[in-house]
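K.L.:
Numbering (our numbering), first residue to last: 4 to 127. Submitted below is the structure of interest, expressed as structure tokens.
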């Protein structure tokens, strides 16, 4: 019974951080949210967020998690642009998604740049 109460409280805390969410969202722990201005998190129906899922997002970044998907314990979604997880996906524990190199990269003779590209995990 305590686990059900804890999950309910965690889910309510997580819902306050999401832009949109579908029915039957379950969050086993409130996790961590570091959200830039205008960052958006959209979660579909029947989604399970396990313990300590971390959302780290830059200004205007977007994360989408499709219906019937699962994100495992201690996973980290770091978005500067966009991360999109499709429907029916199971993301294991301790997975790191980063749509940016987070620092300039350059080879000899090149001007170093910070690389940014969206991540799209298609439907299962």
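By construction, the Cβ of each residue, glycine as well, lies at the ideal position given by its N, Cα and C atoms. The structure displayed is predicted, hence computed values, not measured ones.
1) Got a sec, what are the start and stop residues for the beta strand (DSSP E) residue 59 sits in?
2) Determine the extent of the beta strand (DSSP E) in which residue 87 is found, giving its start and end residues.
3) Going by the beta-carbon positions, is the gap between residue 25 and residue 50 smaller than 8 Å?
4) Ignoring anything shorter than 3 residues, give me the beta strand (DSSP E) runs that lie fully in the region 32 to 71, in order along the chain.
5) Tell me which same chain residues have a C-beta within less than 6 Å of the C-beta of residue 54, skipping the five on either side of it?
6) Report buried or exposed for residue 8, applying the criterion of at least 16 other Cβ atoms within 10 angstroms of its Cβ.
7) Excluding sequence positions up to five away, which residues of its chain have a Cβ less than 6 Å from the Cβ of residue 42?
8) Using the Cα positions of residue 105 and residue 121, report the straight-line distance between them to the nearest angstrom.
P.N.:
A quick look at the data gives this:
1) 57 to 60
2) 85 to 88
3) yes
4) 35 to 38, 43 to 46, 57 to 60 and 65 to 68
5) 31, 32 and 76
6) exposed
7) 60 and 64
8) 13 Å
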